[in-house]
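Everything on this sheet refers to the single structure shown next.
Written out as structure tokens, the structure is:
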């Protein structure tokens, strides 16, 4: 990791609770499950934490719980909010087999839904969208970005001729409009890494301060945005 990436990674660490870092910073697991791989993993957790603190959700649904790292952050955010929501029960539903478990979740019951698969999110989006409250927040990771960057058309759901240095155009011109269309929600923020795109959507407008310090374009993508035809 170069100096600029290390600095950005460190800035994200500084935004997370010390108790959380003491417990999870050295946790081993797959990329996407832990904090030690790259800056995208750190900033995903920073945004998760900020959004949860702001939203004060009663019910959070995670479709892909993994090692439970984000689950712990959501729990910490709920504890901070407990004085304002003590009159109602708080719940985090963390799925390990979402295809079966999501069916048990009542419609219109979730304040915050986090879809964070290793691959593509489209099946989970379709299954969970009815569970989201009207003013709820949906956060989605899409590993399809790797297929776009590497020009692997056979593994793309949303086909494109963009790849490599122009992969950012797929994000702006194709993916973000598509995700708004299929969800009926508005993109509040996104960031793109060469292996994934993370999008935060809602019908309600979220404060810009929730996304403070987070780059939209990470690693080498930053060099090519707006410069490639």
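Numbering (our numbering), first residue to last: 154 to 382.
Built from N, CA and C at the ideal position, the CB exists for glycine as well.
Cα-Cα separation between residue i and residue j, rounded to whole angstroms
{"i": "residue 308", "j": "residue 294", "result": "16 Å"}
{"i": "residue 212", "j": "residue 248", "result": "13 Å"}
{"i": "residue 315", "j": "residue 349", "result": "15 Å"}
{"i": "residue 374", "j": "residue 160", "result": "17 Å"}
{"i": "residue 145", "j": "residue 336", "result": "What is shown of the chain runs 154 to 382, which leaves residue 145 out entirely."}
{"i": "residue 370", "j": "residue 203", "result": "19 Å"}
{"i": "residue 281", "j": "residue 164", "result": "32 Å"}
{"i": "residue 166", "j": "residue 284", "result": "32 Å"}
{"i": "residue 155", "j": "residue 346", "result": "15 Å"}
Sequence-distant residues of the same chain with beta carbon closer than 7 Å to residue i, five excluded per side
{"i": "residue 158", "result": "192, 372"}
{"i": "residue 208", "result": "264, 265, 290"}
{"i": "residue 170", "result": "229"}
{"i": "residue 385", "result": "Since the displayed the chain opens at 154 and closes at 382, residue 385 lies outside it and no answer follows."}
N-terminal and C-terminal residue of the alpha helix (DSSP H) that residue i is part of
{"i": "residue 295", "result": "Looking at the DSSP string, residue 295 is not in any alpha helix (DSSP H); the run it does join, the beta strand (DSSP E), is 285 to 295."}
{"i": "residue 395", "result": "The first residue shown for the chain is 154 and the last is 382, placing residue 395 beyond what the model contains."}
{"i": "residue 279", "result": "275 to 281"}
{"i": "residue 215", "result": "Element bounds for residue 215: not the alpha helix (DSSP H) but the beta strand (DSSP E), 212 to 215."}
{"i": "residue 103", "result": "This structure cannot speak to residue 103, because the chain is shown only from 154 to 382."}
{"i": "residue 171", "result": "171 to 177"}
Sequence-distant residues of the same chain with beta carbon closer than 8 Å to residue i, five excluded per side
{"i": "residue 176", "result": "225"}
{"i": "residue 223", "result": "197, 198, 201, 215, 267, 269"}
{"i": "residue 262", "result": "212, 284, 286"}
{"i": "residue 340", "result": "329, 332, 333, 352, 353, 354"}
Endpoints, beta strand (DSSP E) assigned at residue i
{"i": "residue 335", "result": "Per DSSP, residue 335 belongs to no beta strand (DSSP E); it is in the alpha helix (DSSP H), 329 to 336."}
{"i": "residue 352", "result": "349 to 355"}
{"i": "residue 265", "result": "263 to 268"}
{"i": "residue 160", "result": "Not the beta strand (DSSP E): residue 160 falls in the alpha helix (DSSP H), residues 156 to 166."}
Chain-order list of residues whose beta-carbon lies under 6 Å from that of residue i (same chain, five-residue window excluded)
{"i": "residue 217", "result": "269, 270"}
Assigned exposure category for residue i - 16 Cβ within 10 Å defines buried
{"i": "residue 365", "result": "exposed"}
{"i": "residue 205", "result": "buried"}
{"i": "residue 279", "result": "exposed"}
{"i": "residue 259", "result": "exposed"}
{"i": "residue 324", "result": "buried"}
{"i": "residue 239", "result": "The predicted position of residue 239 is uncertain, since its pLDDT is 48 and thus under 50; no value can be drawn from it."}
{"i": "residue 180", "result": "exposed"}
So, does the region 276 to 290 touch the region 299 to 307, judging by three or more C-beta pairs under 8 Å? The region 276 to 290 is not in contact with the region 299 to 307.
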